[in-house]
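Student:
Number of protein chains: 4
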Amino acid sequence: MAKPAFCSDYMEGAHPSILAKLQEINFQKIGGYGLDPICAAAKEKIRAACEAPGADVHFLIGGTQTNATVIDALLHSYQGVIAAESGHIACHEAGAIEFGGHKVLAVPAENGKLTAAAIEAVLTRYDLDETREHTVMPGMVYISQPTEYGTLYSLEELTAISQLCRARNIALYADGARLAYGLGSPENTVSLPDMARLCDVFYIGGTKCGALFGEAVVVPDPARLPHFFTIIKQHGALLAKGWLLGVQFDALFTDGLYEKLGKEAVRQALRIQAALKEKGVPLWFETPTNQVFCVVEDIEVPRFDAITENGYWGRTDNTHTILRFATSWATTQEEVDELIRLLDRL
Amino acid sequence: MAKPAFCSDYMEGAHPSILAKLQEINFQKIGGYGLDPICAAAKEKIRAACEAPGADVHFLIGGTQTNATVIDALLHSYQGVIAAESGHIACHEAGAIEFGGHKVLAVPAENGKLTAAAIEAVLTRYDLDETREHTVMPGMVYISQPTEYGTLYSLEELTAISQLCRARNIALYADGARLAYGLGSPENTVSLPDMARLCDVFYIGGTKCGALFGEAVVVPDPARLPHFFTIIKQHGALLAKGWLLGVQFDALFTDGLYEKLGKEAVRQALRIQAALKEKGVPLWFETPTNQVFCVVEDIEVPRFDAITENGYWGRTDNTHTILRFATSWATTQEEVDELIRLLDRL
Amino acid sequence: MAKPAFCSDYMEGAHPSILAKLQEINFQKIGGYGLDPICAAAKEKIRAACEAPGADVHFLIGGTQTNATVIDALLHSYQGVIAAESGHIACHEAGAIEFGGHKVLAVPAENGKLTAAAIEAVLTRYDLDETREHTVMPGMVYISQPTEYGTLYSLEELTAISQLCRARNIALYADGARLAYGLGSPENTVSLPDMARLCDVFYIGGTKCGALFGEAVVVPDPARLPHFFTIIKQHGALLAKGWLLGVQFDALFTDGLYEKLGKEAVRQALRIQAALKEKGVPLWFETPTNQVFCVVEDIEVPRFDAITENGYWGRTDNTHTILRFATSWATTQEEVDELIRLLDRL
Amino acid sequence: MAKPAFCSDYMEGAHPSILAKLQEINFQKIGGYGLDPICAAAKEKIRAACEAPGADVHFLIGGTQTNATVIDALLHSYQGVIAAESGHIACHEAGAIEFGGHKVLAVPAENGKLTAAAIEAVLTRYDLDETREHTVMPGMVYISQPTEYGTLYSLEELTAISQLCRARNIALYADGARLAYGLGSPENTVSLPDMARLCDVFYIGGTKCGALFGEAVVVPDPARLPHFFTIIKQHGALLAKGWLLGVQFDALFTDGLYEKLGKEAVRQALRIQAALKEKGVPLWFETPTNQVFCVVEDIEVPRFDAITENGYWGRTDNTHTILRFATSWATTQEEVDELIRLLDRL
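Those protein sequence lines, which keep their order, are chains C, U, E and X.
Just so you know, the first sequence maps onto residues 3 to 348 in my numbering.
Just so you know, the second sequence maps onto residues 3 to 348 in my numbering.
Just so you know, the third sequence maps onto residues 3 to 348 in my numbering.
Just so you know, the fourth sequence maps onto residues 3 to 348 in my numbering.
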């Protein structure tokens, strides 16, 4: 058996039901650009899951692309986007937001999470700044649910942020690259209908959550993003065979598969987290989703690497390394059993 | 039997060998972003097919995305791209090139083809213009092989354009969205090694040529596109599961599948073209690849629509419509037989 | 006496009243960025001249900068600007509009003028195009009054264009780099109040019309350009000592100076045009403003160059050159007398 | 007598020798775009002052415009610019750098100054980051001399930064909006030739230093900025009557005027600083140039405002305000005498 691998949550293909469906319809002739019955059905299922019957749903391909396209659509040219310093758009998108002409207004955050208070401080500083018209106006807020650090906004926290945004008339956008692992967490208090109610735009991640690729952008009030189709095209984000995305989201939103996949992955991650704690390996901090972070002495790192593939996440000081274990929809009970067995022997 | 459909060449999924491979490796754990053994093998096969052992190959997702990313990488901020007025970047990419800050210097073209003479005229006009530093400098040439109109550059024509570009020190880039249907044409004189020898960058289209999606950018001299990986990421064009693209191009470049698929599609298109001629339906002009254009009186259009799904391509005058029949790698002998049979009855 | 020079209309400094005023207030301490009483007074005079009491007026520095800033402010990211092929933004701004992310939708024009019919054709083509969402949406119309070729839109023509734009809900913007020479033409039928009534935005050119530099952007309905101050700053177009612009436009809009300067320059240009005709030198076409174009055999060009500095404007065929004579607010009766005298001797 | 005013250093017009010259040549006919003998002479004087005979000099209009244009010219599309968090480009240019597609990589700084160590940390973090190709590559360093806080880089500090940049092959660019006040400081150790030797590009500020407006960009090695003229035009930064800038810089670089103006302004600022100290008003920190910062209790602010116009600069805590006194080339001995007299009475 190969070393159990937990490097990332985008290492496997797709849920078997997706491949089966692709196989089944491979030679059907289907119209392009997402304007087909398969996409229509998938969108309808997402609307139902979000309890947002009037929502627009758009299928894009990947996270950076989705973030750049949505943010460009939401902002005026003179506006920037508030994000956590650790937000994906702030540090791991190669300047895609700036390529579109917008500044990322990065805010220090704890464990990846923004707070309504921190956002309000930015807005108030802007409002009170006599030279504000010489600066970038905050035009929207970007959050990730779960965050890049595996943490979750509670319903209370998200509500506070949403209320603030609405009071200040700026858009709230949530990056749900790992949303299944948020929805599937025992600690989660934010449902899809909550997301649809509280966010102006959010996306339901497929790439890391059971699809080959794909992200479903949900726009509860379609008037918020006029001509979004053209903006998608202009960003090079329009898939010719849009039905490939429709097939995938249709499968994920049939019989609650999306949440089921998330739930099982989180269950396995929590098993790993518990095993590390039991073993006395300090956690960086406790997380409720599919990413587990522990802190090990540098000299211990090779011992971990010998038994499992994990992800290097950074350092806490000169002698300690943060390791990440990410489970996914494809992680098996056996893989985690094996990891725990190997950890026990360390 | 449904009406035989020839609306476009991106209506079906992928060659069965691709789906089979995806099925086979679905639960293998594979590293992200195209830095995996499957992509490496696919790239090696493409290098071999191009007889370009030193080339870089990058896998992107779709045509507009690829064009915007490559053009942005090739041009300086003060340069524009010469293209045929009918070039895809000039009219059907929703301003993606301008979104990246560059002007498309559109040149009238015949049947979609630029000529070395027309390009030289643009360059000379620029050189002779005393106010040229107040204008956009032509920094590269964009062509499509085959063109958007199904026509082909001959080896002689492409060589002339390439020599001109090199003499004037500007890049030559070829959009090969339908390259299989060029390579598979009985009239074709430009091989993949010719493309690699004559172009600075070109892409081998997958989306329309047997893949689910994907385009393979070939850079014969990798020094031409430094940090292209980051540029891809910045454009939102980096697929997390890059191996999905590797699998597809590996299959297409195994046992000459890519050219075989192209050849069969063109054979079927030429059967349609011959049938139309025989039937006395005037062609818009004769094409050697997978797109066939005929001109019918407006009042005849419903009769064509009744027997087959085709593509509306525009008008030649107030009373005549251009119809397009596009075959693809998935078009069957039977479908074309049926179309011909129905045409006979018109 | 030096050869009389008519190369361009931006060769001299400013009307003496401007320099006198600059001298007078040189050591006054005045607040920055145009938020000072001098600018306020100048804006008020412009509003009065335009009979647009609710208008916003913004002072920018030069034409290309003004065009890029206004167009960026008027368009959504997915829109382009309709312009004559010969429009300044289409050919002599080094891609400044594309740098801001927008396509110039160039339309063939006669003597520099667009027509409502030509604009309507673009809009209708867009509306009828089934693939329009894959193309750049026309979002505004750019015209120049007078045009780059010295021609003028009549009130009837401008009204037709304005009505069309309003019916189609797109903005109309007029580049008035040489507006004084339009207003000062005996053929002119379009007043400043007409401009304010018919355009969404236009600018009153100072650089070529009596100022050292500067253009006054008039926005009859300020709600049309929210946060324009910040957009100006973002474009690097905000002058620290904005009062320098206020001083100049205050002088130009005191006692009708702006129109007076224009009128005299046009009077001199028409004298040149008449002299050329009398002399039998063919005009390229007749113009009613400050630019006169004649067509001379190439072998005659040195004889013209020997007696006067003029502007090379292009060629009509292989053996004929277009020469331009541009007068300005600073052109004197004596200079034109001398030119006519020299022409007579040719 | 009005209250002595020290709000900013761009409140007055220009040194009288400039206005006199403008008056003198007002009706000369001079060619456009800076390609005239006046600009040529001014450039030659700047080259001489910089001991950089091979340098290119370009005249632009204002600081934000200059920064945006130079940075766009120096960076590749995938690169960002390292700057102090308090750098003008990071906070007071309304996102002009991001509008050009580039991220500002903001670094915490003390009193406005970057250190070689802080820059090296950014570069090393980038180099060591395994995901660096997913991030923005640092492509240049932006510093201000003097800084926005009136502090100065010493020759040693600037040399260290320059050596680092050259070792790492990234460009060093210095914003010299207030350079006269650096050169004129008794503490200054960095000469113009040092700037030319150590920076890849820098600009000599005119707007705040004796000119009506204008900044002179110095490019010691012109090959560093190919086609910079077109880039200037594309940014809307090309002044039609470029000679207006030439006149001003010619005057400022005749008989050492530029440094003389700076020296006198700094002398007056240091008098203010000394008076504040003597009076027991705490300084925010001591500065060697034309900006003086003191910290006063909020309840004291109205008393200061009653005697002088100063600039609000921010707060140190909930009960203390930072006030700025900025002198300029136009500040007189009498104004400062009066301020000191009034301070004494506080």
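The C-beta atom is built at its ideal place from N, Cα and C for all residues, glycine as well.
None of these values were measured; they are calculated from a predicted model.
Along the chain, which unbroken stretches of the alpha helix (DSSP H) at least 4 residues long are found entirely within the region 251-296 of chain U?
Tutor: For the region 251-296 of chain U, whole alpha helix (DSSP H) runs of length 4 or above, ordered along the chain, are 259-281.
Student: Can you find a CB in chain C that lies within less than 8 Å of the CB of Y80 (chain E)?
Tutor: Along the third sequence, read from residue 1 onward, the residue named residue 80 (chain E) stands at position 78. At least one chain C Cβ lies under 8 Å of Y80 (chain E).
Student: So, under 8 Å CB-CB, F295 (chain E) and F287 (chain E) are touching, yes? Tell me the CB distance rounded to an integer number of Å.
Tutor: For the purposes of this step, residue 295 (chain E) is taken as residue 293 along the third sequence, with counting starting at 1. For the purposes of this step, residue 287 (chain E) is taken as residue 285 along the third sequence, with counting starting at 1. Their Cβ separation, rounded to whole angstroms, is 7 Å, which keeps F295 (chain E) and F287 (chain E) in contact under 8 Å.
Student: Suppose the cutoff is 8 Å on Cβ atoms and the five residues either side in sequence are ignored; what does the same chain contact list for I342 (chain C) look like?
Tutor: Position 340 of the first sequence, counted from the first residue, corresponds to residue 342 (chain C). Here the set comprises R273, I274, A277.
Student: Whose CA, out of E:T137, E:K31, E:L325, E:R49, lies closest to the CA of V219 (chain E)?
Tutor: Mapped onto the third sequence, residue 219 (chain E) falls at position 217. Ranking the options by Cα distance to V219 (chain E), first place goes to E:R49.
Student: For A162 (chain X), collect the residues of the same chain with a Cβ closer than 6 Å to its Cβ; drop the 5 residues on either side in sequence, then sort them by chain order.
Tutor: Counting from 1 along the fourth sequence, the entry for residue 162 (chain X) is found at position 160. Excluding sequence neighbours, A162 (chain X) sits near A118.
Student: For I63 (chain U) and I63 (chain C), which I take to be in contact (beta-carbon distance under 8 Å), what is that distance rounded to the nearest angstrom?
Tutor: As a position in the second sequence, residue 63 (chain U) is number 61, starting the count at 1. As a position in the first sequence, residue 63 (chain C) is number 61, starting the count at 1. Confirmed, Cβ separation roughly 6 Å.
Student: Against chain U, which members of the region 289-322 of chain E pass a CB distance test of less than 9 Å?
Tutor: Residues passing the 9 Å Cβ filter: Y314.
Student: Tell me whether F230 (chain U) sits in a helix, a strand or coil according to DSSP, three-state version.
Tutor: Within the second sequence, residue 230 (chain U) is the residue found at index 228, counting from 1. Of the three classes helix, strand and coil, the one that applies to F230 (chain U) here is helix, per DSSP.
Student: Mapping the DSSP letters down to three states, classify E217 (chain U) as helix, strand or coil.
Tutor: Counting from one through the second sequence, the residue named residue 217 (chain U) turns up at place 215. If DSSP states are grouped into helix, strand and coil, E217 (chain U) belongs with the strands.
Student: Using 8 Å as the threshold, is the region 140-157 of chain E in touch with the region 185-199 of chain E, meaning 3 or more CB pairs across them?
Tutor: Judged by Cβ distances under 8 Å, the region 140-157 of chain E makes contact with the region 185-199 of chain E, as three or more pairs qualify.
Student: Measure the CB-CB distance between G238 (chain U) and A70 (chain C) and report whether it falls below 8 Å.
Tutor: Translated into the one-based positions of the second sequence, residue 238 (chain U) becomes position 236. Translated into the one-based positions of the first sequence, residue 70 (chain C) becomes position 68. Contact: yes.
Student: Is there a Cβ of chain U sitting closer than 8 Å to that of M13 (chain C), yes or no?
Tutor: Translated into positions along the first sequence, residue 13 (chain C) becomes position 11. Interface residue, yes.
Student: Excluding five sequence neighbours on each side, which residues of the same chain lie with their C-beta closer than 6 Å to the C-beta of A271 (chain E)?
Tutor: As a working note, residue 271 (chain E) is residue 269 in the third sequence. Same-chain partners within the cutoff: N292, V294, T329.
Student: Decide if A227 (chain C) is buried, meaning its Cβ has at least 16 other Cβ atoms within 10 Å, or exposed.
Tutor: As a working mapping, residue 227 (chain C) is identified with position 225 in the first sequence. In the sequence as displayed, the identity of residue 227 (chain C) is Leu instead of Ala. L227 (chain C) is buried by the Cβ-count criterion.
Student: I need the straight-line Cα distance from H90 (chain U) to D177 (chain U), nearest angstrom please.
Tutor: Position 88 of the second sequence holds residue 90 (chain U). Position 175 of the second sequence holds residue 177 (chain U). Rounded to the nearest angstrom, the two C-alpha atoms are 9 Å apart.
Student: Grouping DSSP H, G and I as helix and E and B as strand, with all else coil, what is D129 (chain E)?
Tutor: Numbered from its first residue, the third sequence carries residue 129 (chain E) at position 127. In this structure, D129 (chain E) counts as helix in the three-state DSSP scheme.
Student: Please say whether T318 (chain X) and E299 (chain X) have beta carbons closer to each other than 8 Å?
Tutor: Along the fourth sequence, read from residue 1 onward, the residue named residue 299 (chain X) stands at position 297. Along the fourth sequence, read from residue 1 onward, the residue named residue 318 (chain X) stands at position 316. It is not a contact, given that the beta carbons lie outside the stated cut-off.
Student: Would the beta-carbon of G65 (chain E) fall within 8 Å of that of G207 (chain E)?
Tutor: The sequence position of residue 65 (chain E) within the third sequence is 63, counting from 1. The sequence position of residue 207 (chain E) within the third sequence is 205, counting from 1. Going by C-beta atoms, G65 (chain E) is nearer than 8 Å to G207 (chain E).
Student: In chain order, what residues of the same chain have a beta carbon less than 6 Å from the beta carbon of E337 (chain X), not counting five sequence neighbours either side?
Tutor: Taking the fourth sequence and counting its residues from 1, the one referred to as residue 337 (chain X) is at position 335. Cβ neighbours of E337 (chain X) beyond the five flanking positions: P6.
Student: To which residues of the same chain is V203 (chain E) closer than 6 Å at the C-beta, ignoring the five residues directly before and after it?
Tutor: Walking along the third sequence from the start, residue 203 (chain E) turns up at place 201. Same-chain partners within the cutoff: V72, Y175, V221.
Student: Whose C-alpha, out of X:L125, X:R180, X:V303, X:L247, is nearest the C-alpha of A85 (chain X)?
Tutor: The sequence position of residue 85 (chain X) within the fourth sequence is 83, counting from 1. Of the candidates X:L125, X:R180, X:V303, X:L247, the one whose C-alpha sits nearest the C-alpha of A85 (chain X) is X:L125.
Student: What does DSSP give as the partner residues of G316 (chain C) in its beta bridges?
Tutor: The residue you call residue 316 (chain C) lines up with position 314 of the first sequence. C:I324, per the DSSP bridge assignment.
Student: Just to confirm the assignment, what range does the alpha helix (DSSP H) spanning G65 (chain X) have?
Tutor: Here residue 65 (chain X) corresponds to residue number 63 of the fourth sequence, with the count starting at 1. Counting along the chain, the alpha helix (DSSP H) containing G65 (chain X) begins and ends at 65-76.
Student: Please list the segments of the alpha helix (DSSP H) lying wholly inside the region 162-223 of chain C, counting only runs of 4 or more residues, in order along the chain.
Tutor: Segments of the alpha helix (DSSP H) lying fully in the region 162-223 of chain C: 181-185, 194-200.
Student: Between which two residues does the beta strand (DSSP E) containing A86 (chain E) stretch?
Tutor: On the third sequence, residue 86 (chain E) is found 84 positions in, with the first residue counted as 1. Looking at the DSSP string, the run of the beta strand (DSSP E) that includes A86 (chain E) is 81-86.
Student: Is T321 (chain E) near the ligand ZN - that is, is its Cβ less than 7 Å away from at least one heavy atom of it?
Tutor: You won't find the ligand ZN in this model; it holds no ligand whatsoever.
Student: Can you pull the chain E neighbours of M139 (chain C), defined as C-beta to C-beta under 9 Å?
Tutor: Start at 1 with the first residue of the first sequence, and residue 139 (chain C) comes out as number 137. The contacting residues are H229, T232.
Student: Any chance you could list the alpha helix (DSSP H) runs of at least 4 consecutive residues sitting entirely within the region 100-162 of chain E, in chain order?
Tutor: DSSP runs (the alpha helix (DSSP H)) wholly in the region 100-162 of chain E: 118-130.
Student: Which residue comes first and which comes last in the beta strand (DSSP E) that contains D300 (chain X)?
Tutor: Position 298 of the fourth sequence, counting from 1, holds the residue named residue 300 (chain X). Counting along the chain, D300 (chain X) falls outside any beta strand (DSSP E), and DSSP gives it neither H nor E.
Student: Could you work out which residues of chain B lie near H104 (chain C), taking near to mean beta carbons separated by less than 8 Å?
Tutor: Here chain B cannot be found, since the structure's protein chains are C, U, E and X.
Student: Identify which residue in E:A51, E:F61, E:G316, E:I40 has its Cα closest to the Cα of E26 (chain E).
Tutor: Here the question's residue 26 (chain E) lines up with position 24 in the third sequence. For the residues E:A51, E:F61, E:G316, E:I40, the minimum Cα distance to E26 (chain E) belongs to E:I40.
Student: So, helix, strand or coil for L37 (chain X), using DSSP?
Tutor: Sequence index remark: in the fourth sequence, residue 37 (chain X) carries index 35 (1-based). The answer is coil: DSSP assigns L37 (chain X) none of H, G, I, E or B.
Student: Check H90 (chain E) in the structure and name its three-state DSSP category.
Tutor: Walking along the third sequence from the start, residue 90 (chain E) turns up at place 88. Of the three classes helix, strand and coil, the one that applies to H90 (chain E) here is helix, per DSSP.
Student: Is the beta carbon of L413 (chain C) sitting closer than 8 Å to the one on H104 (chain C)?
Tutor: Beyond the ends of chain C as shown, which are 3 and 348, falls residue 413 (chain C); an answer cannot be given.
Student: How many angstroms separate the CA atom of M197 (chain E) from the CA atom of A51 (chain E)?
Tutor: For this step, residue 197 (chain E) is matched to residue 195 along the third sequence. For this step, residue 51 (chain E) is matched to residue 49 along the third sequence. Computed Cα separation, rounded: 11 Å.
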